[in-house]
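**Student:**
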Amino acid sequence: RINPYLAISTASFLGGIVTWMIINSGNLWVFGILLVVDQTIMLTTGFVMVNVLSRVSIKHRGKIFGLITFLESIGMIVGPFLGGIVWETVSPQAPFFISIIVEWSIIPFFVVGILLLNPYLVETKADKKN
3 RINPYLAIST ASFLGGIVTW MIINSGNLWV FGILLVVDQT IMLTTGFVMV
53 NVLSRVSIKH RGKIFGLITF LESIGMIVGP FLGGIVWETV SPQAPFFISI
103 IVEWSIIPFF VVGILLLNPY LVETKADKKN
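The numbering of the sequence shown is my numbering, which starts it at 3 and goes up by one.
(1) Kindly indicate the opening and closing residues of the alpha helix (DSSP H) around residue 2.
(2) Report, in whole angstroms, the separation of the C-beta atoms of residue 113 and residue 11, which I expect to be a contact under 8 Å.
(3) What number of angstroms, rounded off, separates the C-alpha of residue 49 from the C-alpha of residue 43?
(4) Run through the DSSP bridge pairs and tell me what residue 123 is partnered with.
(5) For residue 46, which residues from the same chain have a beta carbon less than 8 Å from its beta carbon, with the 5 sequence-adjacent residues on both sides left out?
(6) Suppose contacts are defined by Cβ-Cβ distances below 8 Å. Is residue 85 in contact with residue 94 by that definition?
(7) Please report how far the alpha carbon of residue 16 lies from the alpha carbon of residue 62, in whole angstroms.
(8) Does the distance from the C-beta atom of residue 117 to that of residue 58 stay below 8 Å?
(9) So which of 26, 22, 51, 19 has the shortest CA-CA distance to residue 4?
(10) Does the structure place the stretch 97–107 close enough to the stretch 31–42 that three or more beta carbon pairs sit under 8 Å?
(11) Quick check on this structure: which residue in 29, 55, 115, 18 has the alpha carbon closest to the alpha carbon of residue 67?
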């Protein structure tokens, strides 16, 4: 069983490092491989989050998944616009540096969010031990 705190923190930290490596890669093959690694890290983090959120009680599960989907959709709409503005006004690398900073700065929010969700989880580690 994967510890969600460790998995999300590690994946977010590694994702930032891989993004930095993507920015500085000069070879097309290295760039492509790093993109695959970065996508794998993002998918893994998403699966861990879905695993944690799927253990929320059925009464609250719809609210949680609706909120997550809403926030993801807002990010998909606003992100490209803001990234394009930063690309044009600052530099082509700036949106990626901002991405790294955001990725690392939300690690504490993930941890606190999971801690706040623990009382509402139907299945916990204590249940597994019994």
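In this text, a Cβ means the ideal position worked out from N, Cα and C, and glycines have one as well.
**Tutor:** Concretely, from the data shown:
(1) No information on residue 2 is available, as it lies outside the stretch 3 to 132 that the chain covers here.
(2) 7 Å
(3) 10 Å
(4) 58
(5) 9, 13
(6) no
(7) 31 Å
(8) no
(9) 51
(10) no
(11) 55
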